[in-house]
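Before any comments, here is the structure.
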């Protein structure tokens with residue numbers, strides 16, 4: 001080997017020395033590197049943003065990366081630990097009946113929120129029954145236990161198959177059944193929910209329960225949260241190795257057609273943590289076939305007409321005529337409700353004092369004045385009540401007759417009014433039990449009326465078919481409008497001051 005110039009020799013020495021140092025560092029790294037034959041424990045909190053990071057950590061460890069990134073992260077409900085394959089995967093709610101069980105503060109509501117996100121991420125809307133009203137982002141009907149009428153109607157319509165492409169999520173199923181039982185009789189809640197599950201008309205149902213044994217046989221998948229007791233684990237079918245006395249909220253065991261797997265519920269991030277369900281951000285979903293709107297606690301004719309003007313939609317608010325009366329907002333969509341008043345087809349208005357009976361009479365009188373169907377000499381309807389003069393003999397046909405407190409009238413007046421029913425437009429107001437105790441006069445003449453406005457949460461005996469529309473919360477103006485065609489819940493509007 002020949003001699004190298006002075007500068008080249010120095011450069012070569014630096015290259016050789018650098019290579020030697022790199023070899024020494026590599027050998028030292030091999031000695032210090034510890035091969036970990038397992039993945040670390042599932043984190044106590046898993047946010048959706050962290051799923052991709054978890055996938056990256058798996059890659060660095062040399063383990064197989066599960067379906068965690070991309071669409072898997074968007075639809076994930078839980079992060080699944082798969083120690084035998086040294087990987088973590090996600091589980092998404094594809095359908096079927098899911099039971100979520102756990103003690104208080106175990107993350108049941110948060111798990112349901114994750115299921116809602118999992119379902120809506122695929123474009124399918126969810127109807128949500130919850131205590132705190134977090135289900136509005138599901139895209140379907142969101143109803144609380146404080147609205148038992150709408151809650152019952154939702155379950156009944158879903159069981160009939162009126163919206164077969166949506167999912168249903170029920171938070172705290174015990175409280176739901178308790179409210180339904182207290183309102184419509186013992187066993188009503190259990191009958192409605194079990195009937196819905198067995199009907200097969202709702203392809204995806206999720207229930208949260210603190211007593212899962214009643215529902216386990218009706219569901220396909222069971223997410224048991226915070227199983228910290230061996231006795232409870234035995235009853236739930238949770239293997240002994242998954243029992244953890246220090247399990248954090250959202251830590252659970254997924255039971256179903258596959259072997260039991262340890263999971264952690266995925267939260268959306270921010271300040272949300274498992275154990276505290278928060279409102280989800282809305283996700284675009286297809287329009288559900290069934291959305292039941294909540295009725296307002298009170299409304300006025302001015303508000304209804306202003307809303308119609310703002311939306312540019314008539315909704316029947318501007319129609320006037322001798323047989324058309326705007327009553328208020330009602331039905332499944334909480335839109336303006338009108339009823340026809342014709343000769344020979346009387347209205348029966350029932351309810352206790354203070355329930356809104358006189359308001360109905362004012363609405364009818366106002367509609368009559370606005371319609372212009374009568375001449376100036378008789379612009380006001382014939383009003384009859386306790387202490388009124390005797391009914392005149394010469395009452396023109398098609399006259400509007402408003403009878404207040406008909407159950408308190410004397411016999412002569414009541415009989416005279418009964419003769420007007422076949423040829424006049426008659427509205428009769430009575431107490432809730434009057435049709436069961438009075439068998440003559442005007443009350444008997446309208447006892448079987450085909451148009452009934454029942455206020456105060458009570459129905460006449462012959463209208464038991466309309467009991468599903470009764471709002472047990474009552475309140476002034478809350479009524480059921482029963483016609484020959486159907487029965488709808490209505491919030492009676494207050495007319496403007498005279």
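Residue numbers (the numbering used here): 1 to 498.
Ideal placement from N, C-alpha and C gives every residue a C-beta, glycine not left out.
- Counting the other CB atoms within 10 Å of its CB gives residue 106 a total of 16 or more, which places it among the buried residues.
- In this chain, the beta strand (DSSP E) harbouring residue 262 covers 261 to 267.
- Scanning its chain for C-beta atoms nearer than 7 Å, with the 5 sequence neighbours on each side dropped, one finds around residue 44 the residues 248, in chain order.
- Residue environment analysis places residue 245 among the exposed positions, since fewer than 16 neighbouring C-beta atoms fall within 10 angstroms of its C-beta.
- Annotation: the region 414 to 447 contains the following complete segments of the beta strand (DSSP E) (minimum length 3 residues), in chain order: 425 to 430.
- As the crow flies, the alpha-carbon of residue 39 is around 12 Å from that of residue 89.
- According to the DSSP secondary-structure assignment, residue 209 is paired through a beta bridge with 101.
- 474 is the residue among 346, 238, 290, 474 whose C-alpha sits nearest the C-alpha of residue 355.
- Straight-line measurement puts the Cα of residue 207 at about 35 Å from the Cα of residue 454.
- Assigned with DSSP and collapsed to three states, residue 142 falls in strand.
- Taken through DSSP and simplified to helix, strand or coil, residue 10 comes out as helix.
- When rounded, the separation of the alpha-carbon atoms in residue 80 and residue 41 is 11 Å.
- With a cutoff of 8 Å on beta-carbon distance, residue 169 and residue 126 are scored as near each other.
- With three or more CB-CB distances shorter than 8 Å, the region 102 to 118 counts as touching the region 220 to 235.
- Residue 327 is a Cβ neighbour of residue 339, given a cutoff of 8 Å.
- Between the region 424 to 432 and the region 442 to 459 there are three or more inter-stretch CB-CB distances shorter than 8 Å, so the stretches are counted as touching.
- Here the C-alpha atom of residue 182 lies approximately 29 Å from the C-alpha atom of residue 289.
- Following the DSSP letters along the chain, one finds residue 189 inside the alpha helix (DSSP H) bounded by residues 188 to 199.
- When rounded, the separation of the alpha-carbon atoms in residue 469 and residue 385 is 30 Å.
- Secondary structure of residue 83 (DSSP, three-state): helix.
- In terms of CA proximity to residue 265, 118 leads the group 118, 96, 296.
- Rounded to the nearest whole angstrom, the CA to CA distance from residue 240 to residue 100 is 19 Å.
- With contacts defined as CB atoms closer than 8 Å, residue 138 and residue 128 qualify as a contacting pair.
- As DSSP reads the structure, residue 127 sits in a beta bridge with 168.
- Taking all protein chains in view, the Cβ of residue 258 is surrounded by fewer than 16 other Cβ atoms within 10 Å, so the residue is classified as exposed.
- Judged by DSSP secondary structure, residue 350 falls within the beta strand (DSSP E) whose first and last residues are 347 to 350.
- Checking the DSSP bridge columns, you'll see residue 158 has no partner listed.
- Approximately 6 Å separates the beta-carbon atoms of residue 420 and residue 395; this is inside 8 Å, confirming the contact.
- Distance between residue 408 and residue 152, taken at the CA atoms: about 36 Å.
- Looking at 362, 353, 287, 366, the one whose alpha-carbon comes closest to that of residue 405 is 353.
- Shown here, residue 397 sits in coil according to DSSP, grouped into three states, outside any helix or strand.
- In this structure, the alpha-carbon of residue 160 lies about 11 Å from that of residue 192.
- A direct Cα-Cα distance of roughly 16 Å separates residue 12 from residue 22.
- Excluding its 5 nearest sequence neighbours in each direction, residue 484 has C-beta neighbours in its own chain below 7 Å: 450, listed in chain order.
- The continuous stretches of beta strand (DSSP E) do not include residue 406, and DSSP gives it neither H nor E.
- A straight-line Cα-Cα distance of about 17 Å links residue 26 and residue 15.
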